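Residue numbers (numbering that gives the first Met the number 0): 0 to 79.
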Amino acid sequence: MSDVDGIRLALSLNATELTEKTFGYGFGSYCFRDRTIHFTSFLPNAVYRPGLLPNIYFAGAARAREMSIRLLGKDWDDNV
Numbered sequence: 000m001s002d003v004d005g006i007r008l009a010l011s012l013n014a015t016e017l018t019e020k021t022f023g024y025g026f027g028s029y030c031f032r033d034r035t036i037h038f039t040s041f042l043p044n045a046v047y048r049p050g051l052l053p054n055i056y057f058a059g060a061a062r063a064r065e066m067s068i069r070l071l072g073k074d075w076d077d078n079v
């Protein structure tokens with residue numbers, strides 16, 4: 000994928016997640032670097048509350064599943 004295509008894909012993923020279909024909680028954004036799509040996020044210690052970590056974990060898993068569907072065209076299954 001070219002740099003331009005990668006940047007467009009990252010912007011498209013950000014637009015989709017923030018305006019159409021949320022895959023997580025919107026805490027972060029997609030970017031393209033070194034020919035790879037990355038999701039980056041930062042949560043300061045001040046936002047910590049009991050039970051937050053499992054929610055962040057499950058939001059990341061939901062985001063990864065959605066990327067599998069969008070980029071590979073297939074949902075997860077038990078046959079890894």
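Idealized CB from N, CA, C, for every residue including glycine. Just so it is clear, the structure is predicted and the values come from calculations on it, not from any experiment.
A distance of 8 Å or more separates the beta carbons of D76 and S67.
With a cutoff of 8 Å on beta-carbon distance, L17 and G25 are scored as near each other. Taking C-beta separations shorter than 7 Å and ignoring five residues to either side along the sequence, the partners of C30 in its chain run A9, H37, T39, following chain order.
When the beta-carbon positions are compared, G5 and R34 come within less than 8 Å of each other.
According to the DSSP assignment, I6 belongs to the alpha helix (DSSP H) that extends over 2-18.
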